[in-house]
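**Q**
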Amino acid sequence: MQIKLNFLGGASNVTGARYLLEVNDTRLLVDCGLYQERDLKYRNWEPFIIPPSSIDALLLTHAHVDHCGLIPKLVREGFGGKIYCTTATSEITKIILLDAAHLQEEDAALKKRRHERENRKGRFPEVPLYTQEDARAAFPLFEPVNYKEPVTLGDGIRATFYDAGHVLGSSMIKITVSQQGESRTILFSGDVGRWDKPILEDPTEFTEIDYVITESTYGDRTHQESPDINESLAEIINSTWKAGGNIIVPSFALQRAQEILYHMNQLLIEDRIPHIMVFLDSPMAVRITEVFRHHSDLFDKEMSRLMRQDRSPFDFSGLKMVQTVDESKALNHIRGTTMIIAGSGMCTGGRVKHHLVTNIIRPESTVLFVGYQAIGTLGRLITDGAKKVRILGQQYPVRARIARIGGFSAHADRNELLRWISNLDSAPRQVFIVHGEARAAKKFGQFLRKKTGWEVSVPEYRTEAILD
Ligand SMILES: [Zn+2]
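The working numbering puts the first residue of the sequence shown at 125, with every later residue one more than the last.
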């Protein structure tokens, strides 16, 4: 039995998750993510390190673009095996890939026009990395699986998916190799979620694993003591309502938008806020919410109880799903206080920009941030306290109230990662720390080694480990 593990992405960096597991002649790829760090994006354009046609199957942990975003390119360049993931992940991934392809087509067209105008050539080709047609070509390969039901991938090789509690459908994947009377287990953590979060079950815990490949996004940090989200949200809504303004919430389409709806539903049930209209103004978030609606089998106890009581956070009175651009524009003419949840989460694009134009100049309105804002984004400028911002080519003074609510992170922090991995009854043969900035991964490695005394390593990009 020979097992080799190659770290082809998400190794000493965060995005572009891609891990190649070779068991004798069987090649399995775990995740096929897009690189999003500016200085690593060039890797998206590089040929795959091995021919995609030589990969037998792809195992997908979840629908975030840094885990699934390069699938259309993998398929276009010859991959023809099955893509195993949970049903919810396959449904959400399809929505996300079409959106990603659309953005790339737009981006390429924009760059082409700009370069023509400036009479120069860019660093990357002016063609989309992949098109919507490429994305659709990958869809027939999806093979939905259920949690805890092993699938056979080759001679003595099985994969089992477990709830990771990160986003709907997210998985940790355990691969069991049993050959010649010997057996090894290899666990890919995917992105580890958090305990006691709304809607989702807690991350699955394991007692016996030989090799653990774990993420470390927040491996060098602890989240601040979670504020009472309902308390903060109620205060913001009540005071904005009194002032007569709107509440604009830039949000990611997957998980965050649904969590906001969950909290709004709670506040309405408890009668802590007035019955304002709530608009989910993002076609992608609306489609993803639809997936949530028909996957109540994945909800935790509290959420299941709400559904049984006919108090779904996706159907409360006053909630409207906005589809067309015209409907979206019409929101500007509604009198009285409304909440508008729109993408993108960091205000880098999408419909939220239009709502910002209308509301950021109004002292009675509130812009409410519920997620991380990366350096260089419009969201970051606003949360850093800019007095004026440029939106859609025009300068606007920031007069609205700028509010933030923390505590929404979908990633386990250092202590939660330790809590998760400490469930193992005995030392694994090796723990590999991946999916974190080099610094975060190294620091989490040191921390874990100190706490457990286990064999821990932080693999570099394109290195190989022998799992014996
Ligand atoms: Zn994720």
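Glycine included, C-beta positions come from ideal geometry on N, C-alpha and C.
Under a Cβ-count criterion, where at least 16 other Cβ atoms within 10 Å of its own Cβ denotes burial, should residue 210 be classed as buried or exposed?
**A** Buried: at least 16 other Cβ atoms inside 10 Å.
**Q** Since residue 283 is in the alpha helix (DSSP H), which residue starts that stretch and which ends it?
**A** Taken as a continuous stretch (DSSP letters only), residue 283 belongs to no alpha helix (DSSP H), being part of the beta strand (DSSP E) at 281–287.
**Q** With distances taken Cα to Cα, identify the nearest neighbour of residue 298 among 566, 274 and 372.
**A** It is 274 whose Cα lies nearest to the Cα of residue 298.
**Q** Anything with a beta carbon under 5 Å from a heavy atom of ligand 1 counts; list them all in chain order.
**A** Going along the chain, the residues that qualify are 188 and 315.
**Q** Flag this pair as touching only if the segment 170–186 and the segment 195–212 have three or more C-beta atom pairs under 8 Å; answer yes or no.
**A** In short, these stretches touch, since the Cβ pair count reaches three.
**Q** Leaving out five residues before and five after residue 396 in sequence, what residues of the same chain have Cβ atoms less than 6 Å from its Cβ?
**A** Here the set comprises 358.
**Q** Tell me which residues share the same chain as residue 217 and place their Cβ nearer than 6 Å to its Cβ, disregarding the 5 neighbours each side in the sequence.
**A** Same-chain partners within the cutoff: 187 and 192.
**Q** Which residue's Cα is closest to the Cα of residue 327: 311, 286 and 336?
**A** Checking every option, the nearest Cα to that of residue 327 belongs to 286.
**Q** Per DSSP, residue 520 is paired with what?
**A** The partner list for residue 520 (beta bridge, DSSP) reads 513.
**Q** Which one of 230, 460 and 156 has the shortest CA to CA distance from residue 474?
**A** Comparing Cα-Cα distances from residue 474 to each of 230, 460 and 156, the minimum goes to 230.
**Q** According to DSSP, what are the bridge partners of residue 463?
**A** Per DSSP, 371 and 402.
**Q** Measuring CB to CB, does residue 491 end up less than 8 Å from residue 529?
**A** No.
**Q** Specify the secondary structure class of residue 297 as computed by DSSP and reduced to three states.
**A** Residue state, collapsed to three classes: strand.
**Q** Quick check: residue 269 and residue 208, are their CB atoms within less than 8 Å of each other?
**A** Against a cut-off of 8 Å, the Cβ pair of residue 208 and residue 269 comes out as a contact.
**Q** For residue 329, does the count of other Cβ atoms within 10 angstroms reach 16, so buried, or fall short, so exposed?
**A** Its Cβ having fewer than 16 others within 10 Å, residue 329 is exposed.
**Q** Do you know offhand how far residue 247's Cα is from residue 163's?
**A** Their Cα atoms are separated by approximately 12 Å.
**Q** Please classify residue 468: does DSSP put it in a helix, a strand, or coil?
**A** Coil, per DSSP.
**Q** Determine the DSSP secondary structure at residue 481, reduced to helix, strand or coil.
**A** Of the three classes helix, strand and coil, the one that applies to residue 481 here is helix, per DSSP.
**Q** Beta strand (DSSP E) containing residue 337: first to last residue?
**A** Unbroken beta strand (DSSP E) run through residue 337: 335–338.
**Q** Per DSSP, residue 428 forms a beta bridge with which residues?
**A** For residue 428, which the question treats as bridged, DSSP gives no partner whatsoever.
**Q** Might you give, ordered along the chain, the residues of its own chain that have their beta carbon closer than 6 Å to the beta carbon of residue 266, omitting 5 neighbours on each side?
**A** Counting only Cβ-Cβ distances below 6 Å, and skipping sequence neighbours, we find 207 and 214.
**Q** Do residue 316 and residue 288 have their C-beta atoms closer together than 8 Å?
**A** Going by C-beta atoms, residue 316 is nearer than 8 Å to residue 288.
**Q** So, residue 141 versus residue 190, is the Cβ gap smaller than 8 Å?
**A** Cβ distance < 8 Å, so residue 141 and residue 190 count as in contact.
**Q** Does the beta-carbon of residue 355 have 16 or more other beta-carbons within 10 angstroms, so that it is buried, or is it exposed?
**A** Exposed, because fewer than 16 other Cβ atoms sit within 10 Å of the Cβ of residue 355.
**Q** Within the continuous alpha helix (DSSP H) that includes residue 416, where are the two ends?
**A** Its alpha helix (DSSP H) spans residues 407–417.
**Q** Counting only beta-carbon atoms, is residue 212 nearer than 8 Å to chain C?
**A** As a matter of chain content, chain C is missing from the structure shown, which is built from one protein chain.
**Q** Which runs of the beta strand (DSSP E) spanning at least 3 residues fall entirely within the segment 131–210, listed in chain order?
**A** Qualifying beta strand (DSSP E) stretches, in chain order: 142–147, 150–154, 181–183 and 206–210.
**Q** Taking Cβ positions, are residue 312 and residue 555 nearer each other than 8 Å?
**A** No.
**Q** Using three-state DSSP, classify residue 507 as helix, strand or coil.
**A** Looking at residue 507 - three-state DSSP - the assignment turns out to be helix.
**Q** Please state whether the Cβ-Cβ distance between residue 368 and residue 541 is less than 8 Å.
**A** No, the Cβ-Cβ distance between residue 368 and residue 541 is not below 8 Å.
**Q** So what's residue 278 in DSSP terms, helix, strand or just coil?
**A** DSSP places residue 278 in strand when its eight states are reduced to three.
**Q** Please classify residue 605: does DSSP put it in a helix, a strand, or coil?
**A** The chain is shown from 125 up to 592; residue 605 falls before or after that span and cannot be answered.
**Q** Identify whether residue 397 lies in helix, strand or coil by the three-state DSSP scheme.
**A** In this structure, residue 397 counts as coil in the three-state DSSP scheme.
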